[in-house]
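Chemist: Residue numbers (the UniProt record's numbering), protein chains in the order written: chain A, 1 to 235; chain B, 1 to 362; chain C, 1 to 314; chain D, 1 to 250.
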Amino acid sequence: MSVDVLPLDASSSPLAFWSYFLDHRSTDLGWLWDHTWLSVVPVVVGLVLALPLGWLARRHAWVYPPMMSVTGLLYTIPSIALFVLIPPLFGLSVLSPLQVPIALSVYSTSLLVRVVADGLAAVPSETVQAATALGYRPLARFTRVELPIAVPVITAGLRVAIVANVSIVAVAGTIGLDNLGRLFDQGFTLSVNEPYYPPIVLGIVLCVLLALVLDAVVLVVDRLLTPWRRAVAAR
Amino acid sequence: MIRFDAATKRYPDGTVAVDQLTLEAPSGAITVLVGPSGCGKTTSLRMVNRMIEPTSGTVWLDDTDTASLPAHELRRRIGYVIQNAGLFPHRTVLDNVATVPLLLGEDRRRARASALELVERVGLDPALAKRYPAQLSGGQQQRVGVARALAADPPVMLMDEPFSAVDPVVREQLQDEFLRLQGELGKTIVFVTHDIDEAIKLGDQVAVLRVGGTLAQLATPAELLARPIDAFVAGFVGRDRGYRALAFAHGRNLPVREEPTVAVGSSHPGSAAGLAGWILAVDAERRPQGWLPTADELDETVTDSRLHRGGTLATQGGALRSALDACLSSPSGRGVVVDDDGRLLGSVTAREVLELIEERER
Amino acid sequence: MKTTTLIAAAAATVLTLGGVSACGSSSSDSGSGSGGTVASGLIFGGPAEFKTRTDGIPGLQKTYGVKFAKYTVTDTGGPVTVGALKRGQIDAADLFTTDPSIEANDFVVLEDPKSNFKAQNIVPIINKTKATDGTKQVLNAIQAKLTTDGLGALLDKIQNDKEDPDAVAKEWLDDQDLDGAGTLAKGVSLTVGSANFPENVVLADIYADALSNQGATVTKKLNIGSREKYYPALKSGSLDLFPEYTGTILAYLDATSTVSTPDDVYAALAKALPANLVALDKADAEDSDAVVVTKQTAEKYDLKSIADLARTAK
Amino acid sequence: MIGSVLGWLLDPEHWRSTPFDTGIWAQLGAHVGFTLIALAIAVLLALPAGLVIGHTGRGSWLVSAANAVRALPTVGVLVLLVVVISPHFYGRTNAGFLIPTEIVLVVLAVPPILSNAYAGVQNVPPQVRDAAFGMGMTGPQVLGRVELPNALPLIFSGFRSAMLQVIATATIASYVTLGGLGRFIYDGLAQKDYPQMIGGAVLVAALALISDLLVALVQRYAVSRGVSRRFRTDTGPDSRTAVLVEEDVR
């Protein structure tokens, strides 16, 4: 264990968040990292699950309404309840770090299934017919024609999901799971007699920065995947 | 009467859409603004109801400077029809048509009643009145658009490419219907199109605009075809304008000759001797049905399936263009001329039509 | 009818902004002139589990005949409870005896002569496989030096001076001459956990730092929420060491237990723990639940002990 | 597990309030109350703003700004506001906690309502707007009689999304001592009463579902068939445009 007797910082001004960060750098960076992967992994899992499900909902019209009802229903379960419900359902230990990513994957999948289905629905039917006429088989047509065209809609959904996740992960911090939400709990606990802002403000600042950075990453990926849109925009 | 007086539209970035346009659209007539894209024809039109405000110059509506009225009051006096109709998706056909009367404060029941009349007047089934625009075809929507513009009985109508989003067959129907309606109503109309054929067909006068928003030529369609003022207008009016000009030359003194016929369904063809290979088949009302080759077995019954139907028909009193076309499209070389009810009058040859044209040019 | 109930409830709970009125206790200021007890005019605030715990509301009623007008769920001796009590949203609260905010706000701790609350001595609960002689020696040495007042002082540094719990822990070890480097715990690798309140965190830091100084490989998993979250982890072996309180852990393991003195509780705890867990020495330091009121309330009703709450209001 | 949850839900004792235990009816009422207050404020703020921004095309940065607000962590903002606001309220009032909670819920509800109202007006086909002006409607008439009715499907979808988020998020009111259905979740957790906790979660989900159905019903009657395209002859899927309206945290 590192021997770090930390300098005392008693300033409770909201602007003291930076020196608070410097004082607790290693812990805070650890929580930032936890927060990051907890936000990202579920979106990746959600996308991987949502692609086939969304395709199915698009392919068979009768699948769409029930699938949207189920995903919509899952989305209404409050995250705090889901965090607590998941361990017994999945046979995990109560403290398992997996409960948050699993719960968030449920949300991300719910959100993205609709996005994928609607994104595929937005592919012009002439394009699909042209691809079929050119001899694409269904799978190749899906991966090489329909999916690329649906990318803008899907990335729009990904941006929403990832930003939402950053906020939901913080909720898990209040029940003691490691991430930036812990800063809120800390700040709250230390605000017994008078407000102690630095950890709270630091938490908000880091969460917002993280959300913005992750959002930007998705945006960059979107740009890379759809060069034709840049060509149109540059004209 | 609508008068543009040095009307100019210059945008902040310096582009000039309409440059010093001076033009009069006489009352009761159709004035068509035509030109390539970027010529400012739509901008000019929209300056009339101030959807676009002129940068300088004046647009007069009879003796009123349009700038002197509040824009929305001005617009309620002017019918406005646009491409794709711009119908309100959330209102039924009837309520779309009743829009302006309701805006003018007319009582709802009366507005609807007169709207229903108008729906019929533009040639729509009144059963469609309760439908929503999304349930109509493009042509039907366009008719509703016209009905809506007519609802408050405005003396002036502005029409911005109203028929360009429908297929050619429907477009022609709409154009004919429009001319019929204008024959009854006699509105003062400014009509924008990029289609020179439409301009020539519909316009009492046609204003050709060139890119940059200047007026190239204002003339009647016949004059425009006959005497384009410069190379731009000539190029825009098109290569076969000499032939198209025949559409404005009447065929009253066409030397129509009697044409031997056989009746469809008869087995005795009558005398086919001396005919150059083809005989005209008619029905019981003497309406031409098609040509029968004389080389065929003439004693067999004349049936529909044996007829050549290539020829077009000309009407006596119609344009020379249709007469010449009837000759050129007929397998026998003899153009069939009918009366207004479609009954056979006789035939004419291309040579005879050309002689008539030459005679007139002299 | 149900709609009416709903609307009425919505209005009552949201719009009156009141934590009151559910049973018509008009306000604590007017007292209840109708001859009720002092408590029947007061609103009590505390954690949700205090409502059902044997030594919570049921215990207060059974032992002292105290019945409050209403119960408002706040938090577990945290900022919400303190703030609500300070600002008059509630009149009496469940706080912990070591809480420095009691002194800071001039709150009055009501005596508990009939020992309704179980003894709450600090006790390390450790996984048997990690309880080597060396680790026992290190931890028991700490236990011997922990006092209630000392704990309050540590907490004050964290809560009011905003010092880092780990720094406070190191400072304390230094003050107590317990920070010497050594090899007593060499070769032991363990994970130390704590609940998410400062006192528990600083205790875990003290244990962890001392063991680390003595050569153990220590992983900290601090600020884990409530007992419901961390106890299963402790039991299953993903946590090895946890600072606990004899009374609450006993109540958690055996809800029916009625013992309350320090030694009885400690003895009962030893029996109640599962085979893989063991309790080391209990410290003198105690952090027990207490019924706390503001100074004004105490003076107004002349309150010294919990029993006074059951008197007829004047 | 399911049986004990059902048992908890079906026990009439749990629906009634006592001085010590607020029953399901009362907490449901409180939850609905929090939600209605937040939605009412959010609609009053965001709907006119979104409509006007969409109509004039000016101030669209406000929509982007509101969307950026989604990046704020809900819990963090709640804690911050409680710490700032609650010390100013004394006596028998929960205003010190209610106000922060409502602010958080309003902040959550504004972006979807605002951006969908904006997008709804923006999505009105330009020729429809052109025709409306061309027929002599004034700006407010165009907005009220043409743009608003055509934007309704998107406005409703934004409202529904906001409502679901608010209902789900109102549970964290209980994190700062307020009532609402979150009470059962937090109390159940603290009291190791898992049927109560899951029952609370089920109630929240049910409330969300039923509210959504009710609003869907209102939408059916409020939106012109010409816009929703629910024609009797049309057997195609519901054409409600599901614009991304970004659910957030609960």
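C-beta: ideal position from N, C-alpha, C; glycine also. No experiment lies behind these values; they were computed from the predicted model shown.
At a threshold of 7 angstroms, does C/Gly45 count as lining the ligand NAP (C-beta to nearest heavy atom)?
Modeler: As presented, the structure is devoid of all ligands, the ligand NAP included, so that no description of it is given.
Chemist: Would you mind listing the alpha helix (DSSP H) stretches within the segment 28-78 of chain A that are 4+ residues and don't spill past its ends, in chain order?
Modeler: 64-76
Chemist: For C/Asp308 and C/Lys62, what's the separation of their Cα atoms in angstroms?
Modeler: Cα atoms of C/Asp308 and C/Lys62: separation of roughly 14 angstroms, rounded to the nearest angstrom.
Chemist: Less than 8 angstroms between CB atoms is the rule here; does D/Thr169 satisfy it with respect to chain C?
Modeler: Look at D/Thr169: its C-beta is not under 8 angstroms from any C-beta on chain C.
Chemist: Cβ of D/Arg16 less than 8 angstroms from any chain F Cβ?
Modeler: Of the protein chains in the structure, A, B, C and D, none is chain F.
Chemist: Have a look at the DSSP bridge pairing and note the partners of B/Ser56.
Modeler: B/Thr8
Chemist: Within its chain, find whatever has a CB closer than 8 angstroms to the CB of B/Pro126; leave out the 5 residues flanking it on each side and keep chain order.
Modeler: Cβ within range, chain order: Leu116, Val119 and Glu120.
Chemist: Do A/Tyr75 and A/Leu111 have their beta-carbon atoms positioned less than 8 angstroms apart in this structure?
Modeler: yes
Chemist: Helix, strand or coil: how does DSSP classify C/Ile126 here?
Modeler: strand
Chemist: Okay, do the segment 25-32 of chain B and the segment 176-190 of chain B touch, 3+ Cβ pairs below 8 angstroms being the bar?
Modeler: Contact between the segment 25-32 of chain B and the segment 176-190 of chain B is present, with at least three C-beta pairs closer than 8 angstroms.
Chemist: I need the straight-line Cα distance from A/Arg141 to A/Glu126, nearest angstrom please.
Modeler: 13 angstroms
Chemist: Would you say C/Pro47 faces chain A, with C-beta separation under 8 angstroms as the test?
Modeler: no
Chemist: Three or more C-beta pairs under 8 angstroms: does that hold for the segment 88-106 of chain B against the segment 36-53 of chain B?
Modeler: No contact exists between the segment 88-106 of chain B and the segment 36-53 of chain B.
Chemist: As a quick exercise: from A/Arg59, A/Leu224 and A/Gly187, pick the residue whose alpha carbon is nearest that of C/Asn223.
Modeler: A/Gly187
Chemist: Can you tell me whether C/Glu163 is buried or exposed, with buried defined as 16 or more other CB within 10 angstroms of its CB?
Modeler: buried
Chemist: In the structure shown, what three-state DSSP assignment does D/Gly76 receive?
Modeler: helix
Chemist: Mark C/Ala22 as exposed unless 16 or more other C-beta atoms lie within 10 angstroms of its C-beta, in which case mark it buried.
Modeler: Only weak support is given to the placement of C/Ala22: the predicted model assigns it a pLDDT of 35, under 50, and the value that follows is read from those uncertain coordinates. Counting Cβ neighbours within 10 Å, C/Ala22 comes out buried, since at least 16 surround it.
Chemist: Using only alpha-carbon positions, find the residue among B/Gly40, B/Lys41, B/Ala71 and B/Thr303 that is nearest to B/Arg50.
Modeler: B/Ala71
Chemist: Give a yes or no on whether 8 angstroms exceeds the smallest Cβ distance from C/Glu171 to chain D.
Modeler: It does not; no Cβ of chain D falls within 8 angstroms.
Chemist: Please report the distance separating the alpha-carbon of C/Gly31 from that of C/Ser40.
Modeler: Bear in mind that the predicted position of C/Gly31 carries a pLDDT of just 42, short of 50, making it too unreliable to give a figure here.
Chemist: Use the C-beta contact count for B/His250: other C-beta atoms within 10 angstroms, 16 or more gives buried, fewer gives exposed.
Modeler: exposed
Chemist: With C-beta atoms as the reference, is A/Met68 less than 8 angstroms away from A/Leu53?
Modeler: no
Chemist: If we count the other Cβ atoms within 10 Å of its Cβ and call it buried at 16 or more, is A/His60 buried or exposed?
Modeler: exposed
Chemist: Look at B/Arg257 and B/Ser322 and say whether their C-beta atoms are less than 8 angstroms apart.
Modeler: In this structure, the beta-carbon distance from B/Arg257 to B/Ser322 does not fall below 8 angstroms.
Chemist: Alpha carbon to alpha carbon, how far is D/Gln122 from B/Thr64? Give it in angstroms, no decimals.
Modeler: 35 angstroms
Chemist: Can you name, in chain order, every residue of its own chain whose Cβ lies under 8 angstroms from the Cβ of B/Asn253, other than the five neighbours on each side?
Modeler: Leu356
Chemist: Is it a yes or a no for the segment 250-266 of chain C touching the segment 78-87 of chain C, going by three-plus beta-carbon pairs under 8 angstroms?
Modeler: no
Chemist: For the beta strand (DSSP E) that contains B/Asn84, what are its first and last residues?
Modeler: Element bounds for B/Asn84: n/a, residue is neither H nor E.
Chemist: Do C/Ile158 and C/Pro198 have their C-beta atoms within less than 8 angstroms of each other?
Modeler: yes
Chemist: What's the C-alpha gap between C/Thr135 and C/Asp175?
Modeler: 20 angstroms
Chemist: Over what stretch of residues does the alpha helix (DSSP H) that includes B/Arg244 continue unbroken?
Modeler: Arg241 to Ala245
Chemist: If you reduce the DSSP assignment to three classes, tell me which class D/Gly134 lands in.
Modeler: helix
Chemist: What is the DSSP secondary structure of A/Arg223, counted as helix, strand or coil?
Modeler: In this structure, A/Arg223 counts as helix in the three-state DSSP scheme.
Chemist: Based on DSSP bridge pairs, tell me the residues matched to B/Trp291.
Modeler: B/Leu280 and B/His308
Chemist: With 8 angstroms set as the bound, which would you pick, yes or no: does the beta-carbon of D/Gly158 sit closer than that to a beta-carbon of chain B?
Modeler: no
Chemist: Residues in its own chain within less than 7 angstroms of C/Leu139 by CB, not counting five upstream and five downstream?
Modeler: Pro124, Tyr207 and Leu280
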